[in-house]
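Reviewing the structure listed below.
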Amino acid sequence: MSAVLASARRIVIKVGSALISESGDVREDWLTALGQDLKALTDNKQDVVLVSSGAIAVGRGALGGGIPRRLEEKQAAAAFGQPRLMAALNRAFSANGFTLAQALLTLDDTEHRRRWLNARATLETILAVPGGLPIINENDTVATDEIRYGDNDRLAARVAQMLSADLLVLLSDVDGLYSADPRHDETAQHIAEVDGLTSEHIAMAGGANTASGLGSGGMATKLMAAQIAYGAGCATLIADGRGSHPITALKQGARHTLVRPSLTPRAARLQWLASHLKPEGVIHVDAGAATALSGGSSLLPVGITGVDGEFERGAAIAIHTPQGEPIARGVTAYSARDIALIAGCRSDEVETRLGVRGRPSVVHRDDLVRDNA
Ligand code: GLU
């Protein structure tokens, strides 16, 4: 297992409310130790994204300290708790040279392609800053029942998918998957590793672990998260993170369940693009761009000769050669209208034409799948 942690290029780590707080107080020493663990990963040139729960848990004191039950009480508790949580994370992590960047996401940000592109570009930009550490939580204060994840396990998996991470680590108070619920069945066997999840594994998971009333996860949401990650070519590690230095403990072989993916993140993404994209328009390119695309490059404005159809940023488009042959499909970072304005432009002219500085490529290579490739 330590091999998976050692070799991952990009790791999304989710910490549950039960780790962040105890009786409404932040576990400052635990967080400081976590910061040191994350520093060891970034020193090893691994990208790290932290999905932190705990806003409701540390904010509930402001509402009188009881367990919030109604949605608006949870939302208000999160509103009080989120800045407290960030302040605590800042205290704990800045000593390790991290600069924290908060991103509060809603379900829409990961389910709608256009917002997904924005969120991804923002998180990539944060990760490119030396010491930049994205801290993600759900935007609990605005997310109502129909539009919320409700649990950060799946949110973390979506973030891992969005960022083509190769490892998702779910730290909570359970050390992995068991053949039965270990709280009620003493013959339950721990499962150290699985290659993909079956309906039997899902059946083993049992319901949400709502005993504390503060976190919303449980083994069921962890397995749903692992399934999302699996589909995205990302491994998932489920482990008990309550002890100090939970990542170091994992490197040293602490008990966990590892769900191994069968594809790389890139292969999974290309497969997803190939099966999901129904083009809403066509971008025509010159011979030079067609050759560059065949070689695996992104599509730049300079190689575009024309555009058909009306579509917005985030739409699926087909790319055609000068002979009118489809060569690729992808997700566009520009609308049809803007593409018509910047077709044939060098990248440094785009800003003058559009009045805003857009993305360098019209279709990024990661958002592009070649036909017949
Ligand atoms: N977003 C919630 C919080 O910060 C936690 C959700 C969960 O328990 O996974 O309190």
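First residue of the sequence shown: 865, per our numbering; consecutive thereafter. Where is the CB? At the ideal position from N, CA and C, for every residue including glycine.
Near residue i, what residues of its chain come up, given a Cβ to Cβ distance below 7 angstroms and the 5 sequence neighbours on each side ignored?
i, result
"ALA1180", "LEU1141, LYS1142, PRO1143, GLU1144, ARG1193 and VAL1195"
"MET1151", "In the sequence under discussion, the amino acid at residue 1151 is Ala, which differs from the Met named in the question. For ALA1151, where only same-chain residues beyond five positions count, the Cβ hits under 7 angstroms are PRO1186."
"LEU1061", "LEU1087, ALA1090, GLN1091, TYR1094 and VAL1123"
"LEU969", "ALA983, ILE1000, GLU1002, ASN1003 and LEU1019"
"GLY1071", "With a pLDDT of 49 at GLY1071, under the threshold of 50, the predicted position of this residue should be treated as unreliable, though the coordinate-derived value follows. Hits under 7 angstroms: GLY1082 and ALA1084."
"GLY894", "Sequence check: residue 894 is Trp here, not Gly. Cβ neighbours of TRP894 beyond the five flanking positions: LEU883 and SER1108."
Once the 5 residues before and after residue i are set aside, which same chain residues still bring their CB inside 6 angstroms of it?
i, result
"PRO998", "VAL913, ALA965, ALA967, LEU987 and ILE990"
"ASN1073", "Model confidence at ASN1073 stands at a pLDDT of 43, short of 50, so the residue's coordinates are unreliable; what they give is reported in the following sentence. These residues qualify, in order along the chain: GLY1082."
"ALA1024", "VAL876, LEU1032, ALA1093 and CYS1098"
"ALA1204", "VAL1171"
"ALA1153", "GLY1167"
"PRO857", "What is shown of the chain runs 865 to 1237, which leaves residue 857 out entirely."
Could you give the distance in angstroms between the alpha-carbon of residue i and the alpha-carbon of residue j?
i, j, result
"LEU1032", "GLN1187", "44 angstroms"
"ALA1147", "ARG978", "In the sequence as presented, Ala is not what sits at residue 1147; that position holds Ile. If I take the Cα positions, the gap works out to 18 angstroms."
"SER1076", "GLY918", "With a pLDDT of only 40 at SER1076, under the threshold of 50, the placement of this residue in the model should not be trusted, and no figure is reported."
"THR1121", "ALA1132", "22 angstroms"
"GLY929", "GLY945", "12 angstroms"
"LEU883", "ARG874", "22 angstroms"
"ASP1157", "HIS1228", "Here residue 1157 turns out to be Leu, not Asp, going by the sequence shown. Answer to the nearest angstrom: the Cα atoms are 10 angstroms apart."
"ARG1234", "ILE1191", "6 angstroms"
"ALA956", "SER1108", "13 angstroms"
"GLY888", "PRO947", "14 angstroms"
"GLU1174", "ASP1202", "11 angstroms"
"SER1139", "ASN1016", "27 angstroms"
"ILE1000", "PRO1129", "21 angstroms"
"THR1169", "ARG1022", "35 angstroms"
"GLY1014", "ALA943", "15 angstroms"
"ARG924", "ARG1012", "19 angstroms"
"ALA1207", "LEU1027", "28 angstroms"
"HIS1238", "LEU1232", "Outside the shown range of the chain, which is 865 to 1237, sits residue 1238, and nothing can be said about it."
"VAL1149", "VAL1226", "12 angstroms"
"GLY995", "PHE962", "5 angstroms"
"LEU1305", "ALA1118", "The structure shown has nothing for residue 1305, since the chain only spans 865 to 1237."
"MET950", "ALA985", "22 angstroms"
"VAL993", "THR906", "12 angstroms"
"LEU981", "THR896", "33 angstroms"
"SER813", "SER1161", "Outside the displayed span of the chain (865 to 1237) sits residue 813, for which this structure offers no information."
"GLY1178", "TYR1198", "7 angstroms"
"ASP901", "PRO1110", "8 angstroms"
"ASP1039", "VAL1214", "51 angstroms"
"LEU935", "THR1155", "54 angstroms"
Run the proximity test for residue i: is its beta-carbon closer than 8 angstroms to any non-hydrogen atom belonging to the ligand GLU?
i, result
"GLN946", "yes"
"ILE920", "yes"
"ASP972", "no"
"ALA1093", "no"
"ALA904", "no"
"GLY929", "no"
"LEU949", "yes"
"GLY925", "no"
"ALA872", "no"
"SER887", "no"
"GLU1002", "yes"
"ALA1103", "no"
"ALA940", "no"
"VAL1015", "First, the residue type needs correcting, since residue 1015 is Asp and not Val in the sequence shown. Under cutoff, so the answer is yes."
"SER881", "yes"
Does DSSP put residue i in a helix, a strand or coil?
i, result
"GLN1053", "coil"
"GLN1116", "coil"
"THR989", "helix"
"SER1036", "strand"
"ARG1047", "coil"
"ASP901", "helix"
"ALA867", "helix"
"PRO1129", "helix"
"ASP1150", "coil"
"PRO1190", "strand"
"GLN1025", "helix"
"ARG874", "strand"
"SER958", "helix"
"PRO1306", "For the chain, the structure presents residues 865 to 1237; residue 1306 sits outside this window and is missing."
"LEU1164", "coil"
"ALA1316", "Lying before the first or after the last residue shown, residue 1316 is absent from the chain, which here runs from 865 to 1237."
Since residue i contacts residue j with CB under 8 angstroms, what's their CB separation in whole angstroms?
i, j, result
"VAL1058", "HIS1065", "6 angstroms"
"LEU1164", "ILE1183", "About 12 angstroms separates the two Cβ atoms, so there is no contact after all."
"SER916", "LEU953", "7 angstroms"
"ALA1020", "ALA1089", "6 angstroms"
"SER1043", "ALA1052", "6 angstroms"
"ARG1106", "ASP1045", "Contact flag wrong, Cβ pair sits at about 19 angstroms."
Considering only residues of the same chain and omitting the five flanking positions on each side of residue i, which have a CB-CB separation below 8 angstroms?
i, result
"CYS1209", "PRO1165, VAL1166 and ARG1217"
"LEU1127", "GLY1097 and GLN1135"
"SER885", "ARG891, GLY918, ALA921, VAL922 and LEU1078"
"ALA872", "GLN910, ALA1029, ASP1030, LEU1031 and ALA1099"
"ALA959", "THR896 and GLY899"
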